[in-house]
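Numbering-wise (the working numbering), the sequence shown opens with residue 384 and increments by one. Just below is one structure, and these are the notes that go with it.
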Amino acid sequence: MLKIYNTLARKKEEFKSINPGKVGMYNCGPTVYDFAHIGNLKTYIATDVLRRYLEYSGYEVRQIMNITDVGHLTNDDTNQADTGEDKMMKGALREKKTPQEIAEFYTEKFFGDLERLNIEKAAYYPRATAHVAQMIKMTEALIEKGLAYEVNGNVFYSVEKFPQYGKLSGIKLDELKAGARLEEHPDKKHPYDFSLWLKAPKEHILKWESPWSLGYPGWHIECSAMSIEYLGETMDIHTGGEDHIFPHHENEIAQSEGYTGKEFARYWMHTRFLLVDGQKMSKSKGNFYALKDILAKGYDPMHFRLFAMSGLYRTQVSFSWTALDQAKTNLEKIANFERTLGEIAAGGKAAEAPQDEPVDFAYIYLKRFEEAMDDDLNTPLALSVLYELITETNKLIAAGKIGSAEAKVILSVWNKMNRVFGLVLTEGIGEVSQEAVAVAEERKAARIGKDFQKSDELRDKLGLLGYSIEDLPDNEYKLRKK
Ligand SMILES: [Zn+2]
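What follows is the structure in structure tokens.
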């Protein structure tokens, strides 16, 4: 029986779906104004493992992930100031493109990352800009119910009118006033009131007609409107990063439950931030990585996927190149295990020294794997069970106890586990030498400098070292052992 840690209950709870055999799940998706960083991607890998394990456990999962392409202000994440720049506008100004072009470009990059990381596709990825009508309708209803108010073309949610405000994050409205350090919007009645609709300044490109002003929706309302649209009034699981608990998810609850009068989500799951070398990731510290930065160093996306699963999703994990190298070594071990068993299975020979009992020992490991996953998706424990299975199998192979039949049994158990781990073991998985990476980096520099003769020479050099190189967009590349 699957137990998951529910942020709302502040404890692990047995998972029970609303409809038997079916799960509705909503994941807060990216704001598409820049590349997703590896911390975001770790969260989406954790969500993918959850989805895969629910499917493994027999559920049919309807997964929805939004794409934020309007309304997310830079200050929205830290407080409720309803001030700050629009992230889409910020990206547009930085790259001298329109917000729509920025959204299209980074949405495509995001989907590329998901695919490389073998993250299963959601049923639907609704865009905020395509659902403004639903957000306006919801905002109108909230005003009608007395839960929201309009001032000067802006509409705010009145948190004091929703008695349960704070039930997810534990914040208390009266405590804030004492230690408030929020920049308050002049039109707000309470510092925690948050925008449902904002009047657009003249220079703002993305704006819509509404009953209140020519403007744009607040960030939080999009998730309420789109999840209700695609999953109904009550969903089973809502996920996000820990930074979403407050204010984003607290506000989603206030909006949705204020609107429907029903419970919004049964289970709230949050992943913790990823640190880099023990520190918070930031562009100014130079420890900010996107997936492309990892691939450029010759790693495979699966190295990162395995790294991400090596820590419990709700504990603090620190990324480092050493930790990624460890994942690389482990992935190699898994790939060798699969390859060796595949060869023995295909060989068709009986074991030299068969045991009296058939080798059903693999199923004991599968059971332990399931126990680990049932316990709030404990992937580090599940992986340690796999590594034990690999060690034991290698011992049995050395003792001549594994023939074709036994190898097939162990392989089928591994394949079951890997439906959840989602590791793609291509032939390219293996050691990429530092020398090869150095040549590939030199070739990248030559390509950026449009020195194609040198680039070709370096490709040949890589060939002699035993590598093939595939060129990817933006001068990225992928090295493979031949
Ligand atoms: Zn959201």
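In this text, a Cβ means the ideal position worked out from N, Cα and C, and glycines have one as well.
Is the beta carbon of residue i within less than 7 angstroms of some heavy atom of ligand 1?
| i | result |
| --- | --- |
| G624 | no |
| N719 | no |
| H631 | yes |
| E789 | no |
| E635 | yes |
| N535 | no |
| N423 | no |
| N449 | yes |
I need the DSSP call for residue i, collapsed to helix, strand or coil.
| i | result |
| --- | --- |
| L525 | helix |
| I401 | coil |
| Q547 | coil |
| G725 | helix |
| A561 | Annotation note: pLDDT 43 at A561 (below 50); position unreliable, no value reported. |
| D843 | helix |
| K520 | helix |
| K394 | strand |
| I785 | coil |
| I428 | helix |
| Q738 | coil |
| K572 | coil |
| Y672 | coil |
| E612 | helix |
| Q662 | strand |
| I852 | strand |
| R863 | strand |
| V807 | coil |
Kindly list the residues whose CB is nearer than 6 angstroms to the CB of residue i, restricted to its own chain and excluding five residues on each side of it in sequence; keep chain order.
| i | result |
| --- | --- |
| G786 | K732, A733 and A734 |
| K837 | A829 |
| V803 | R435, Y436 and Y439 |
| V538 | T522, A531, L579, W580 and W595 |
| T426 | G624 and T654 |
| D570 | V534, N535 and N537 |
| L848 | A819 |
Who pairs with residue i in a beta bridge, going by DSSP?
| i | result |
| --- | --- |
| G624 | T654 |
| W595 | Partner(s): none; W595 has no beta bridge. |
| L456 | D469 |
| P600 | W580 |
| T451 | T414 |
| A531 | Y540 |
| D758 | K386 |
Would you decide whether residue i is buried or exposed? Buried here means 16 or more other CB atoms lie within 10 Å of its CB.
| i | result |
| --- | --- |
| Y342 | Outside the shown range of the chain, which is 384 to 865, sits residue 342, and nothing can be said about it. |
| Y770 | exposed |
| L377 | The chain is shown only over 384 to 865; residue 377 falls outside these bounds and no answer can be derived. |
| Q638 | buried |
| M384 | exposed |
| S607 | buried |
| G407 | buried |
| F702 | buried |
| G441 | exposed |
| T622 | buried |
| V393 | Looking at the sequence shown, residue 393 is not Val but Arg. Classification of R393: exposed, given that the 10 Å Cβ count is below 16. |
| I604 | buried |
| F835 | exposed |
| A781 | exposed |
Within its chain, find whatever has a CB closer than 8 angstroms to the CB of residue i; leave out the 5 residues flanking it on each side and keep chain order.
| i | result |
| --- | --- |
| L424 | D496, L500, L674, F687 and A691 |
| K555 | G549 |
| P763 | M692, S693, G694 and L695 |
| I485 | V415, Y416, M471, G474, A475 and E478 |
| R842 | R826 and I852 |
| H386 | Note on residue identity: the sequence assigns Lys, not His, to residue 386. So the qualifying residues of the chain are K395, E396, E397, F398, D757, D758 and D759. |
| R751 | V768 |
Excluding the 5 residues preceding and the 5 following residue i in the sequence, name in chain order all residues of the same chain whose CB lies nearer than 7 angstroms to its CB.
| i | result |
| --- | --- |
| F629 | S552 and I554 |
| A561 | Note that A561 scores a pLDDT of 43, beneath 50, so its modelled location is shaky; the value from the coordinates is reported in the next line. For A561, where only same-chain residues beyond five positions count, there are no Cβ hits under 7 angstroms. |
| G422 | F656, L657 and M664 |
| N670 | V659, D660, Q662 and M664 |
| R697 | Y388, H653, T654 and R655 |
| T481 | A475 and I588 |
| A728 | S787, A790, K791 and L794 |
| L855 | K861 |
| N761 | L695 and A755 |
| T461 | Because T461 sits at a pLDDT of 46, beneath the cut-off of 50, its placement in the model cannot be relied upon, and the following sentence gives the value as read from the coordinates. The answer is none, since no qualifying residue turns up. |
| W651 | N389, T390, L391, L551, H621 and H632 |
| V444 | V406, M408, R434, L437 and E438 |
| E616 | T643 and K645 |
Is residue i near ligand 3, going by C-beta to nearest heavy atom under 7 angstroms?
| i | result |
| --- | --- |
| E605 | No copy of ligand 3 occurs in the structure displayed; its ligands are ligand 1 alone. |
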